[in-house]
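Chemist: Position 80 (the sequence shown) corresponds to 80 in the UniProt record's numbering; numbering is contiguous. Cβ atoms here follow ideal geometry from the backbone N, Cα and C, with glycine treated the same way. The structure under discussion is supplied below as structure tokens; questions concerning it will follow.
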Amino acid sequence: MISKCKMDFDECVETIKSRILSNGGLIFAEIDHSKNAKDVGLSLDSDKVIIFGNPRAGTILMQINRKISYDLPLRIAIWKENNEVYIEYKMPSEIAKEYGIVHEIVKKMDEFVSNILKGLTRE
């Protein structure tokens with residue numbers, strides 16, 4: 001899903017990171033595509049991907065179907081384009097469905113992602 005964010009780019013990134021941590025998640029990586037582009041002599045407006053999750057929840061899903069490891073940990077992309085900030089993400093239930101996984105942990109993962117994004121977007 002792609003949504004417009006109510007905040008400026010930096011505030012959006014910091015809010016998402018803070019909410020991931022305050023909701024019990026871990027941030028595994030933060031990829032700064034803009035910096036990487038600059039490092040090779042190219043330009044790209046603000047663009048980051050935050051890779052995050054909960055190892056316990058992810059492991060439960062991988063125990064059911066190892067192929068889901070391709071889509072884990074979870075990711076949220078934040079980018080700026082034409083003075084608008086966008087957030088892109090996939091709900092865990094969408095990912096689990098692609099792999100035929102039905103488990104109670106998926107609902108908790110959806111709640112986790114919803115809590116991270118609550119109030120950030122202009123729907």
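1) Between the alpha carbons of L42 and N36, how many angstroms are there, rounded?
2) What distance in whole Å lies between the Cβ atoms of Y86 and K4, which are believed to be in contact at a cut-off of 8 Å?
3) Kindly indicate which three-state DSSP category Y99 falls into: helix, strand or coil?
4) What are the start and end residues of the beta strand (DSSP E) that includes S69?
5) Per DSSP, which one or two residues make a beta bridge with V85?
6) Let me make sure I understand the geometry here. Which of N82, L74, K97 and K67 has the alpha-carbon closest to that of V113?
7) How many whole angstroms separate the CB atoms of L26 and G53, which I take to be in contact at a CB cut-off of 8 Å?
Modeler: With the structure as the only source:
1) Locating residue 42 in the sequence shown gives position 42, where the first residue counts as 1. Locating residue 36 in the sequence shown gives position 36, where the first residue counts as 1. The alpha-carbon atoms of L42 and N36 are separated by roughly 9 Å.
2) The residue given as residue 4 occupies position 4 in the sequence shown. The residue given as residue 86 occupies position 86 in the sequence shown. Going by Cβ atoms, the distance from K4 to Y86 rounds to 6 Å, so yes, they are a contact pair.
3) Walking along the sequence shown from the start, residue 99 turns up at place 99. In this structure, Y99 counts as coil in the three-state DSSP scheme.
4) Taking the first residue of the sequence shown as position 1, residue 69 is located at position 69. S69 -> no beta strand (DSSP E), and no H or E assigned at all.
5) To locate residue 85, count along the sequence shown from 1; it is residue 85. BP columns for V85 point to K80.
6) As a position in the sequence shown, residue 113 is number 113, starting the count at 1. Out of N82, L74, K97 and K67, L74 has the C-alpha closest to the C-alpha of V113.
7) Numbered from 1 along the sequence shown, position 26 holds the residue referred to as residue 26. Numbered from 1 along the sequence shown, position 53 holds the residue referred to as residue 53. Confirmed, Cβ separation roughly 7 Å.
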